[in-house]
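Before any comments, here is the structure.
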Amino acid sequence: MTSPETLAFMELAIHQARLALDALEVPVGCVIVEDGKVIATGRNRTTETRNATRHAEMEAIDVLLGQWQKNGLSMAEVAEKFLNCSLYVTCEPCIMCASALSILGIKEVFYGCSNDKFGGCGSILSLHSSNTTPVNNEVSSGKSFKCTGGIMASEAVLLFRTFYEQGNPNAPKPHRSLARQA
Amino acid sequence: MTNNCLIVHIPDQQPYDLHHQPTESVFASAINPKHANQIVRRLNQIVPLDDLRHVKRIQKNVLEGGEIQLLVILCVASEGNNQLDSMPPHLQELISSYQLSPFITKVCKYVATSKEEWQEQCKFWPTSYHPRTYNIDGITGFSEEDSQSVLKFMQSAVELAKSNDLVVNAAVIVDPSTKEIISSACDQIYAWNSCKDDSCYGKPESFSSHLNISSTCDPHEPLHSNSSSNWLKQPYTGVACLYIRRWAEHPSHPHSSYFWHPLRHAATVAIESSAARDRNLFPSEGTNEASYQELDSENASWTSSPAKRQKTVCGNDVDDDKLNACTQPSGQPSARPYLCTGYDIYLVWEPCAMCAMALVHQRIRRIFYAFPNPNAGALGSVHRLQGQKSLNHHYAVFRVLLPEEALHKSHV
């Protein structure tokens, strides 16, 4: 059974996704939580930045890294901090984000709907349980993290549906939905 | 001399040993050529070969004396059960009505990925082979001119990688249609903007002015000096994609004045620079101007501000022709690139999964790398993203085998 706390944090992630939708961005949002407190939020900004890697997770991570460095934390201290952070995101992290999260060494990830095309936490690749890396040296492979999906998935899917019905304004011409002109 | 075999295509799938391709057992039978049409039509109804679509249903042989023999695949022989009575009833009826005598044979289980594989497959049973439907320049080979160009861009990446005290990974994004460098970057894990050449908006010839690898050898350059071989034998712990968790063990220096970022691998920094270039060259185009204006306001996120500052500085260097192009009436909106569509990226080391997926998202057309990454490489070494069918974009991947002299031709 999903705890009320988990649902409350996912609700905040959904709110971030709604902000993305309002800005005509693919509606994905997230929050990062440390000791029961939200310490960073993020939402997709790929259209605005024309950088398709500016996913919600990357936005939230950058907020944190900026804040922590401003507070004078060293790299080792930041690494220690991530070990105690959980991410709540409306859609399963893609291969890029899942890999980034394992590079940072996040403790745990909760996500809404799964990502059948790009998912890096079980759907396409399983970067959260990276036992595939050759036994080498600790610094050459990412850290595993616990991953739980399906939290408020229908809400997350509904946002995607709303977005694709209004047409993706960032899609290249041949793929653009004609729904908006109708 | 430069030649084509220096650039090796890394295929979408791990290739099978040509002579040991996986096979599947099937029931087959000789049939009377007169009944071929009826039998095949009926077979396709009752036992379609769903998982063996590449296998031809019928095989035609010319026997001694010119007699034509037709063999047809009846159905897949289920594992461990080669009994005829395990066949579906409709098939059994068909066998008895045409008086067929089924036997077991082998067919190749997977679609051939090359002409050579296909030729081997047909020794078992004929299959069909369709060369890839999308064609990306280079998969079928490079012209002498293109090879030269690839090698030059790769060497400019190698020089960037060596431009600091610590060897790092470097990335150069190129528009191959104009041979223009769109952006370039080094790993920026430990210090931002450590790379002097970062976001150099190169002119078409910019790379050739300081690069000269071809076949000319500097007679003053000791080709087999210790220093050059050492470069190759270093552990390269500074290369972000090779040691993705090394940052966490980095000795602390809390009062350092520069920023650091564990995810600023060369490829992602180069993507960021190319996006900044796009916003700079085509500031108001697009369907939602409102959000671009928002970007220009002061509440832009922390991460985008350094890039923005950089963008503003570099804006002065930007080719005026380019700027005019987008405001001229003749300038089609299509002149603005969609992300990195059509662009190539040169990386010294094979990228990790984060970088390789970032390049999928940004729609890079071709990836060239010089050295494989056995620790975390995602383009053949540990993962093989170019073969993940579910992704919405696929690039072609090549390894560039640099001539020895190209590696230590750096005298900056």
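Those sequence lines, one after another, are chains A and B. FYI, the numbering used here numbers position 94 of the first sequence as 1201, with every residue one higher than the one before it. FYI, the numbering used here numbers position 336 of the second sequence as 483, with every residue one higher than the one before it. From the three backbone atoms N, C-alpha and C, an ideal C-beta is built for every residue, glycine too.
Exercise for the section: Could you spell out where the alpha helix (DSSP H) holding ASP232 (chain B) opens and where it closes? Expected result: Note, ASP232 (chain B): premise wrong, no alpha helix (DSSP H); not H, not E.
Practice task
Consider the Cβ of ASN316 (chain B): report whether some Cβ of chain A lies at a distance smaller than 9 Å.
Solution key: Chain A places no beta carbon closer than 9 Å to that of ASN316 (chain B), leaving this residue out of the contacts.
Practice task
Out of A:MET1165, A:TYR1218, A:GLY1229, A:GLY1249, state which residue places its alpha-carbon closest to the alpha-carbon of ALA1263 (chain A).
Solution key: Nearest in C-alpha terms to ALA1263 (chain A), of all of A:MET1165, A:TYR1218, A:GLY1229, A:GLY1249, is A:TYR1218.
Exercise for the section: Counting only the same chain and skipping the five closest in sequence on each side, list residues whose C-beta sits under 7 Å from that of GLN509 (chain B). Expected result: Here the set comprises ILE418, LEU486, CYS487.
Problem - Length of the line joining the Cα atoms of HIS397 (chain B) and ALA423 (chain B) - result: Separation of HIS397 (chain B) and ALA423 (chain B) (C-alpha to C-alpha, rounded to the nearest whole angstrom) is 30 Å.
Exercise for the section: Tell me where the alpha helix (DSSP H) around CYS1204 (chain A) begins and ends. Expected result: Boundaries of the alpha helix (DSSP H) around CYS1204 (chain A): 1202-1211.
Exercise for the section: Please confirm whether ALA523 (chain B) and SER1247 (chain A) have their CB atoms less than 9 Å apart. Expected result: Taking 9 Å as the cut-off, the beta carbon of ALA523 (chain B) is found closer than this to the beta carbon of SER1247 (chain A).
Exercise for the section: Using three-state DSSP, classify HIS412 (chain B) as helix, strand or coil. Expected result: Under the three-state reduction of DSSP, HIS412 (chain B) is assigned to coil, being neither helix nor strand.
Exercise for the section: Would you mind stating whether LEU1208 (chain A) and LEU1194 (chain A) have Cβ atoms separated by less than 9 Å? Expected result: If you check the CB distance, LEU1208 (chain A) and LEU1194 (chain A) come in under 9 Å.
Problem - Between the CA atoms of THR252 (chain B) and ASN191 (chain B) - distance to the nearest angstrom - result: The straight-line gap from Cα to Cα measures roughly 19 Å.
Problem - Stretch-stretch touch, CB-based, cutoff 8 Å, three pairs: the segment 531-540 of chain B with the segment 1219-1229 of chain A - result: Result yes; three or more Cβ-Cβ pairs closer than 8 Å.
Practice task
Could you list the residues in the segment 413-429 of chain B with a C-beta less than 7 Å from some C-beta on chain A, going in chain order?
Solution key: Near chain A, meaning a CB-to-CB distance below 7 Å, the residues of the segment 413-429 of chain B are THR415, ILE418, GLU419, ALA422, ASP425, ARG426.
Problem - Minimum length 4: unbroken alpha helix (DSSP H) runs contained in the segment 161-243 of chain B - result: Runs found: 183-193.
Problem - Spatial distance of HIS357 (chain B) from GLN302 (chain B) (CA atoms) - result: For HIS357 (chain B), the predicted model reports a pLDDT of 34, less than 50, meaning its position is unreliable; a value from the coordinates is still stated below. Computed Cα separation, rounded: 10 Å.
Exercise for the section: Please classify SER294 (chain B): does DSSP put it in a helix, a strand, or coil? Expected result: Reduced to three states, the DSSP call for SER294 (chain B) is helix.
Practice task
Taking GLU137 (chain B) as the query, report the chain A residues whose CB atoms sit under 9 Å from its CB, ordered along the chain.
Solution key: With chain B running from 148 to 559 in the structure shown, residue 137 (chain B) is simply not present.
Problem - Among B:ALA259, B:ASN316, B:CYS269, B:ALA543, nearest to ASP284 (chain B) - alpha-carbon criterion - result: Closest in C-alpha terms to ASP284 (chain B), from the list B:ALA259, B:ASN316, B:CYS269, B:ALA543, comes B:ALA543.
Handout entry: the segment 151-162 of chain B / the segment 219-239 of chain B touching (three or more Cβ pairs under 8 Å)
Key = Contact between the segment 151-162 of chain B and the segment 219-239 of chain B is absent, because fewer than three Cβ pairs lie under 8 Å.
Problem - Residue span of the beta strand (DSSP E) that contains PHE1217 (chain A), given as start and end - result: PHE1217 (chain A) -> beta strand (DSSP E) spans 1215-1220.
Practice task
Kindly examine the ligand FMN and report whether one of its heavy atoms sits closer than 8 Å to the Cβ of PHE1217 (chain A).
Solution key: In the structure on display, the ligand FMN does not appear, and there are no ligands present to speak of.
Practice task
Spatial neighbours of VAL297 (chain B) within its chain, please: CB distance less than 7 Å, with the 5 preceding and 5 following residues excluded, ordered by chain position.
Solution key: Cβ within range, chain order: ILE154, PHE289, PHE515, VAL547.
Exercise for the section: Please decide whether SER1251 (chain A) counts as near chain B, where near means a Cβ-Cβ distance under 9 Å. Expected result: By this cut-off, SER1251 (chain A) is not an interface position.
Exercise for the section: Helix, strand or coil for THR252 (chain B), going by three-state DSSP, please let me know. Expected result: Residue state, collapsed to three classes: strand.
Handout entry: Under 7 Å by beta carbon: chain A residues contacting ALA505 (chain B)
Key = Correct list: THR1160, MET1203.
Handout entry: Contact check, ALA395 (chain B) vs ALA1186 (chain A), beta carbons under 9 Å
Key = The answer is yes: Cβ separation under 9 Å.
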